[in-house]
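Have a look at the structure below, then the notes.
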Amino acid sequence: MRQPLVVGNWKMHGNAGGIRSLMAELIEAEGAFSGAEVGVCPPFVFLPMVTELCADLSIRVGAQNVSQHDNGAFTGEVSAAMLAELGAAYVLVGHSERREFFAESSETVAEKFLAAQAHGLTPVLCLGETLQQRERGETEKTVLAQLDTVLAAAGVEAFANSVLAYEPVWAIGTGKTASPEQAQQVHQILREHIAVKDPAVADALRILYGGSIKATNARALFSQPDIDGGLVGGASLEAGQFAAICASMEN
Ligand code: 13P
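Take the sequence shown: its position 87, counted from the start at 1, is 123 in my numbering, and no numbers get skipped.
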């Protein structure tokens, strides 16, 4: 049985005051999360504050990015060891915004995945196709190529301590959600691909959907057999929306 997981990706939004109020509202709603594991990924600079606010709670904290390097002269970068020291539980790797705007290749994403695991963090590996790729019928090829690069570098066993997030690029921040059937189809492809290598790992692997999740569409998405939760962008910045999304997860 896979424990449902809902993670908020705040991206580069917020300020200390706003985040304090958001967390206060979320903490109040915590009792209604109906057994889902819940996490939030603030910008780096707010990680200490948010981990402190979540210290005695079930809400876990993650980062949005990590360096593939352990330490060294990498101006502006943050290592997995630093994130672990702050008490982060997860880190997003391979988000499409990193792939697109910061030219991260799947090889770099694989290195980040390994760096995260080496320091006890759970990587949330994001995969997804663009609209053009979908229209050319290349959805499966695209997401499997992204997945295969990490599988080749890390081995299937490494996926026992990771989470996948299928985020179709055309659904991110656009208000266009993949239909539950479209999302389920890709989730199933991803799980079956892992199952060929290790059925037990595939069965336990949590695969989140991300892309314009809202309180109004979460339940239909989460009720699909291979959708184990969500990676939520915009709606995670509104406590009421995010709490309602977390509460839509049925065990
Ligand atoms: P939205 O929920 O704003 O579409 O963002 C999804 C996302 O990119 C989460 O990582």
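Beta carbons: idealized from backbone N, C-alpha and C, even for Gly.
Residue interval of the beta strand (DSSP E) (run including residue i)
i	result
residue 129	126-129
residue 201	199-202
residue 273	Where residue 273 is concerned, there is no enclosing beta strand (DSSP E), given that its DSSP letter is neither H nor E.
residue 93	Residue 93 -> no beta strand (DSSP E), and no H or E assigned at all.
residue 247	Premise fails: residue 247 is in no beta strand (DSSP E) and is neither H nor E.
residue 268	265-268
residue 42	41-45
Segment limits, alpha helix (DSSP H) that includes residue i
i	result
residue 237	235-240
residue 159	That residue, residue 159, is in no alpha helix (DSSP H); its beta strand (DSSP E) goes 158-163.
residue 186	175-190
residue 172	Taken as a continuous stretch (DSSP letters only), residue 172 belongs to no alpha helix (DSSP H), as it is neither H nor E.
residue 258	254-258
Heavy atom of ligand 1 within 7 Å of residue i beta-carbon
i	result
residue 223	no
residue 248	yes
residue 203	yes
residue 271	yes
residue 208	yes
residue 268	yes
residue 131	yes
Assumed close pair residue i, residue j - CB separation to whole angstroms, cut-off 8 Å
i	j	result
residue 46	residue 273	6 Å
residue 160	residue 267	7 Å
residue 90	residue 43	The Cβ separation is near 13 Å, so there is no contact.
residue 87	residue 123	4 Å
residue 225	residue 176	6 Å
residue 190	residue 152	Not really, about 10 Å apart at Cβ, beyond 8 Å.
residue 155	residue 116	4 Å
Heavy atom of ligand 3 within 7 Å of residue i beta-carbon
i	result
residue 45	For the structure depicted, ligand 3 is absent and the ligand set comprises only ligand 1.
Residue-chain proximity (residue i, chain D), Cβ-Cβ < 8 Å
i	result
residue 130	In the structure shown, chain D does not exist; there is a single protein chain.
Touch test, the segment 201-208 against the segment 165-174, Cβ-Cβ under 8 Å, three pairs minimum: yes
Contact between the segment 234-254 and the segment 184-197 (3+ Cβ pairs under 8 Å): yes
Inter-stretch contact at 8 Å, needing at least 3 Cβ pairs: the segment 88-95 / the segment 124-132: no
Inside the segment 99-147 only - alpha helix (DSSP H) runs reaching at least 4 residues: 116-122, 132-137
Unbroken stretches of the alpha helix (DSSP H), 4 residues or longer, contained in the segment 208-237: 216-233
Contact between the segment 64-75 and the segment 274-285 (3+ Cβ pairs under 8 Å): yes
Cβ contact (3+ pairs, closer than 8 Å) linking the segment 52-59 and the segment 72-92: yes
Contained beta strand (DSSP E) runs [length at least 3] in the segment 51-81, N- to C-terminal order: 73-77
Segment contact, 8 Å Cβ cut-off, at least three pairs: the segment 136-145 with the segment 109-128: no
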